[in-house]
Amino acid sequence: MIAQTHTLAHHGAQPHPITIETDVFAGLPGITIVGLPSKSIEESRERIRSAIRNSGLEFPPRKVTINLAPADVAKTGINCDLAIAAGILIATQQIKEPSTKMCFVAELALDGSLRPTQDCLASVLSAERAGFTTIVIDPATDIDIPGLDGLTILRPHTLRELYLHLLGETTLEPWRCARNKLLIVAKHQSGDTGHFGHIRGQLTAKRALQIAAAGRHNLLMIGPPGVGKTLLAQSLPELLPPADLEEAKEIHYIHSLAGEKPPTPFGTRPFRAPHHNASQHALIGGGSRPRPGEISLAHRGVLFLDELPEFPRTTLEALRQPIENGEVHIARTSMSAIFPAQTLIIAAMNPCPCGHYSSSQQACSCSIPRVQNYQKRISGPLLDRFDLIIYLETEAIDVKDTTINTSVIGVQAQVKNAASQQAKRFDHLPIRSNGEISYQYIRNMITLDPEAERLLESLTKHTDMNQRSIQRIQRVARTIADLEGSEQIHKHHLAEAMHYKQRKYTCEPQAELPALSTA
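With the working numbering, the residue at position 12 of the sequence shown is 543, and numbering never jumps.
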């Protein structure tokens, strides 16, 4: 008798069902696994044999051949243990084949107990999409996630518990989510809970953070050391609305693929801040078995790149494609993988090595060639991909000022309202925010009044800005209008967006933006 069981593998962020065919027949006792198994899968033969015997079940004294289909795709990991064991029990008629399409994802210990696998949570989140109605996993994996009502999740402690359930002698109670965690994180993130309300001064930077949070726009902060760039970046997550259910599932899925714990509580957006010594593989992703990098682990959240020019040039240039397309493509000889990277990127840098070029507070000690070489570490195409570029100066602070503290909740409310407008606008489109508007949607999504049209035309004629920069100005203007509750983009919305695209503190001559007045 040939038995069929199923498990899940993951190539990039895509689930791939694996069918395990088991044939038991007369011959020298032993297990042969075919279908491009990895070393860890080949070693599972002895684990499975011991697990079946130590569970009080019969391991057949015959030849066992196991095929992992499709046969032309390499299989890695230890997800197959439980599925192979179940296939042997079905093939030897110790249990019947499940009546529903059931997926098995767990490692087996020698005593028959179930252990978690690295991407178990990813398998749970993608099982229904892959066509399964039931999934069997270990009892240790934390899957307290709402929105899985269409999937029956069984969590036996041992192989024998699963055997008795499939035999019909006992019944495993399906797992159910105990509470709505999205409500918890919504309460957790509301109000003045972080850094933003305690930062004095830097009103322009705070305004840019609000726009970045509302429209998911990439932001570059340039300024001298100690001006507050890092603190401002760390305050951004508290302005972002909590992830919705689908976004939260995506966040958990990616972290599971990487073998990392997702941010808590459920619905919290990730904030990643890799060191500038991080390699290209660490930042973008890669490896012989492709793994998501920092930009994918920050999917639907924030990636903070501090000391931007200190990152290797090749690493920074590798960011260009993920920023533009919202996903990372990794190609290998045997396979290719795609990871999502819809990430809000916040970067910070000094204007020169000493940090005081063009500063009104302290003289710069760098020569002009040294400043030029430092600034050239950030290429023009990479700068184009930042929607907002702001320049911070050291400010005199009034310690008695409480204005900003009392306005944090108001800023959060404005961001939330702007995000709601975007959700309605993009309801039937594959985008979620103004920062994702591509060229094909610009005309339909961005409506300018006559004065704004004239200002945009002047910008196009009298500057050397490329089309990418102009489109990003329009997207930022759309977000500024959303923050004011305006469906149409007016002249002052576009003018403010243009202000954030000016390049100061450079040693190269720059074309002036057109005057903001059209009189």
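A virtual CB, placed ideally from N, CA and C, is assigned to each residue, including glycine.
What you are looking at is a predicted structure, and each value in this text was computed from that prediction instead of being measured.
Asked: Excluding the 5 residues flanking glutamine 765 on each side, which residues of the same chain have their C-beta closer than 6 Å to its C-beta?; Found: His726
Asked: Name the residue from Met976, Ile869 and Met752 whose alpha carbon lies nearest to the alpha carbon of glutamine 1002.; Found: Met976
Asked: For glycine 746, collect the residues of the same chain with a Cβ closer than 6 Å to its Cβ; drop the 5 residues on either side in sequence, then sort them by chain order.; Found: Ser964, Asn965, Gly966 and Thr1010
Asked: Judging by CA-CA distance, which residue of Leu639, Asn881 and Ile572 is the nearest neighbour of lysine 606?; Found: Ile572
Asked: Please state whether DSSP places asparagine 1063 in a helix, a strand or coil.; Found: In this structure the chain extends from 532 to 1050, so residue 1063 is not present and cannot be described.
Asked: Assuming glutamate 577 and glutamine 625 make a contact with CB atoms under 8 Å, what is their CB distance in whole Å?; Found: About 20 Å separates the two Cβ atoms, so there is no contact after all.
Asked: Assuming glutamine 993 is part of the alpha helix (DSSP H), what are its boundary residues?; Found: Correcting the residue identity first, residue 993 is histidine in this sequence and not glutamine. Unbroken alpha helix (DSSP H) run through histidine 993: 981 to 993.
Asked: Residue range of the beta strand (DSSP E) that glutamine 545 falls in?; Found: 545 to 556
Asked: Within 10 Å of its beta-carbon, does serine 1000 have 16 or more other beta-carbons around it, so buried, or fewer, so exposed?; Found: buried
Asked: For asparagine 936 and proline 796, I'd like the C-alpha separation in whole angstroms.; Found: Residue confidence is low: asparagine 936 scores 49 on pLDDT, short of 50, so the model does not pin down where it sits. Its coordinate-derived value is still stated next. Distance between the alpha carbons of asparagine 936 and proline 796 is about 25 Å.
Asked: Quick one: what's threonine 864 bridged to in DSSP?; Found: In DSSP, threonine 864 forms no bridge with anything.
Asked: Using 10 angstroms around the beta-carbon of methionine 532, count the other beta-carbons present and answer buried if the total reaches 16, otherwise exposed.; Found: exposed
Asked: Does the pairing of the stretch 536 to 547 with the stretch 646 to 657 give three or more beta-carbon distances under 8 Å?; Found: yes
Asked: Using CA atoms only, rank isn't needed, just tell me which of Cys885, Arg831 and Phe842 is closest to alanine 813.; Found: Phe842
Asked: Starting from glutamine 1005 and walking both ways along the alpha helix (DSSP H), at which residues does that stretch end?; Found: 998 to 1014
Asked: Could you tell me how far apart the beta carbons of leucine 923 and glycine 754 are, in whole angstroms, since I believe they sit closer than 8 Å?; Found: 3 Å
Asked: Apart from the five residues on each side of it in sequence, which residues of its chain come closer than 7 Å, Cβ to Cβ, to serine 827?; Found: Ile785, Gly816, Val859, Phe870, Pro871 and Ala872
Asked: Among Tyr905, Ala661, Gln892 and Leu559, whose alpha-carbon lies nearest the alpha-carbon of proline 884?; Found: Tyr905
Asked: Per the contact definition of three or more C-beta pairs closer than 8 Å, is the stretch 553 to 565 in contact with the stretch 598 to 612?; Found: yes
Asked: Below 8 Å, how does it come out for the stretch 775 to 792 and the stretch 735 to 742: are there three or more Cβ pairs, yes or no?; Found: no
Asked: For asparagine 808, name the three-state secondary structure that DSSP assigns.; Found: coil
Asked: Taking C-alpha atoms, which residue in Ser819, Ile597 and Leu919 lies nearest to serine 865?; Found: Ser819
Asked: Nearest to lysine 1022 by CA position, among Asn997, Gln1033 and Thr978, is which residue?; Found: Thr978
Asked: DSSP three-state label for cysteine 634, please.; Found: strand
Asked: Whole angstroms are fine: how far does the CA of threonine 701 sit from the CA of alanine 671?; Found: 21 Å
Asked: Is leucine 771 near arginine 800, with beta carbons less than 7 Å apart?; Found: yes
Asked: Taking all protein chains shown into account, decide if threonine 553 is buried (16 or more other Cβ within 10 angstroms of its Cβ) or exposed.; Found: buried
Asked: Measure the C-alpha to C-alpha separation of glutamine 535 and isoleucine 551 and round it to an integer number of angstroms.; Found: 6 Å
Asked: Please check the pair arginine 851 and leucine 913, which I expect to be a contact at CB under 8 Å, by giving their CB distance rounded to whole angstroms.; Found: 6 Å
Asked: According to DSSP, simplified to helix, strand and coil, what is asparagine 936?; Found: Interpretation of asparagine 936 is limited by its pLDDT of 49, a score under 50 that renders its predicted location unreliable; the figure taken from the coordinates is listed afterwards. Looking at asparagine 936 - three-state DSSP - the assignment turns out to be helix.
Asked: Is the beta carbon of glutamine 733 closer than 7 Å to that of glycine 759?; Found: yes
Asked: Is leucine 559 helix, strand or coil when you go by DSSP?; Found: coil
Asked: Could you give the first and the last residue of the continuous alpha helix (DSSP H) run that contains histidine 786?; Found: 776 to 788
Asked: In angstroms with no decimal places, state the Cα-to-Cα distance between threonine 665 and asparagine 856.; Found: 34 Å
Asked: Which residues bound the alpha helix (DSSP H) around glutamine 535?; Found: Counting along the chain, glutamine 535 falls outside any alpha helix (DSSP H), though it belongs to the beta strand (DSSP E) covering 533 to 542.
Asked: Counting C-beta neighbours from all protein chains within 10 Å, is the total for alanine 1042 16 or more, i.e. buried, or is it exposed?; Found: Confidence in alanine 1042 is poor, its pLDDT being 48 and thus under 50, which makes the residue's placement unreliable; the coordinate value appears in the next sentence. With fewer than 16 Cβ atoms within 10 Å of its Cβ, alanine 1042 is classed as exposed.
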